[in-house]
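Everything below concerns the one structure shown next.
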Amino acid sequence: MKALLRWNPTLILGQFAGLAIIYLIFFLLGVPASFFSMDNTKLVLVQTVIVGVGALGMTLIIIGGGIDLSVGSIIALSSVTTALSYKATESLLVAVPVGILTGALSGFMNGLMVVTLRIVPFIATLGTLGIARGIAKIAAGERTVNPPDSLLSGLMQFDRGGPFYSFPPAVWIMFLLALGVSFLLNYTVFGRYTFALGSNESTARLCGVPVALLKVSLYALCGALTGVSGVLIFGQLTLGDPTVAVGKELDIIAAAVIGGGSLAGGEGSVLGSLIGAFIMSLLRSGCLKMEWPNPVQEIVIGIIIIFAVAIDQLRHRRASSE
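Here the sequence shown is numbered in the working numbering, starting from 186 and rising by one per residue.
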């Protein structure tokens with residue numbers, strides 16, 4: 186168990202090697218030099234935030250042996266409730282908690298369904314994917330919600346040409362949340378229970394782990410972090426959009442798996458998930474710099490997702506045979 190709680194140096198080095206390979210491939214393909222600039226790196230980091238924060242929550246769920254396909258829809262729903270709350274009150278002290286609580290409540294309902302109805306997480310969250318999206322559209326009146334300007338609009342902005350550490354506030358928020366989740370996983374009973382649950386649920390139950398409560402808590406935490414992503418995307422767009430983040434769940438799951446998370450449960454890394462999210466954003470940035478059409482970009486991302494899951498399955502089979 187202790188080995189699982191530490192970062193795997195080989196895995197992390199492999200992810201950085203993957204980053205280097207991506208840069209090398211785009212270099213050989215003749216990508217414009219601006220792709221390698223510090224400003225573009227900052228831009229990619231900004232584009233990583235939504236997926237990165239969502240991947241922190243997904244990492245918790247995947248380590249615990251579950252999965253959540255509804256995160257993209259929950260991001261949209263949280264952005265809408267944040268916008269509606271701010272439009273009604275013009276107070277971020279109200280709007281931001283409402284957006285995060287929307288995500289937490291959605292995650293709580295997911296966990297409750299998985300535990301009480303004993304529905305497979307894949308099916309349960311596939312259902313709530315549609316439910317959350319539908320509620321978002323109804324709440325927004327099937328159009329965007331346009332509140333007054335707020336301070337949140339500056340969270341994703343950065344100064345071009347500034348020092349390398351001059352990241353936008355949203356990037357620092359992502360890093361702080363990552364530290365919090367890492368501490369939770371590595372230095373608390375909750376974290377040990379989460380790894381135990383994902384490694385072997387039956388054994389964890391026999392060892393006294395409160396499995397039902399833990400599962401609901403994991404989905405609620407994932408929902409809360411997804412709600413943060415919803416608040417951040419509201420700040421980025423300066424509106425609530427019920428159609429935003431369609432398919433974002435695939436990027437979030439892929440980031441966690443690329444980062445070392447196993448769909449079989451019991452494995453995962455916060456740092457790895459952030460690197461995975463950065464890789465997803467870097468790929469999209471490279472495709473845009475190459476002026477490849479959107480369908481080609483989707484094909485590239487799809488191949489990466491298949492490759493990441495295949496590597497995960499191969500790693501899991503090797504571990505089982507040893």
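Think of the CB as a built atom: it goes at the ideal place given N, C-alpha and C, for glycine as much as any other residue.
- 8 Å or more divides the Cβ of V283 from the Cβ of T301.
- Annotated three-state conformation of V216 is coil, per DSSP.
- Contact check for F307 against G408 fails: the beta carbons are separated by 8 Å or more.
- Around the beta-carbon of T373, fewer than 16 other beta-carbon atoms lie within 10 Å, marking it exposed.
- Around the beta carbon of L209, a 10 Å sphere encloses fewer than 16 other beta carbons of the protein chains shown; the residue is thus reported as exposed.
- Here V455 carries a helix assignment [DSSP, helix/strand/coil].
- Linking I206 to L278 through their CA atoms gives a straight-line distance of about 44 Å.
- With respect to M341, G420 sits close: the two C-beta atoms are nearer than 8 Å.
- With fewer than 16 other beta carbons inside 10 angstroms of its own, N479 counts as exposed.
- In this structure T244 is buried. Its beta-carbon is surrounded by 16 or more other beta-carbon atoms within 10 angstroms.
- Distance between L473 and F220, taken at the CA atoms: about 10 Å.
- Beyond the five residues adjoining it in sequence on each side, I491 comes within less than 8 Å, by CB distance, of no other residue in the same chain.
- The Cβ neighbour count for S335, taken over all protein chains shown within 10 Å, is at least 16; the residue is labelled buried.
- The segment 361-370 and the segment 308-320 do not touch, with fewer than three beta-carbon pairs separated by less than 8 Å.
- In the same chain as A397, and ignoring 5 residues on each side of it, the C-beta atoms closer than 7 Å to its own belong to V300, in chain order.
- Just measuring C-alpha positions, the residue of G319, G249, G445, L241 sitting nearest A261 is G319.
- Counting only the Cα atoms, P354 lies some 41 Å from R390.
- At the C-beta level, G450 and G250 come within 8 Å of one another.
- A202 and S402 have their C-alpha atoms spaced approximately 35 Å apart.
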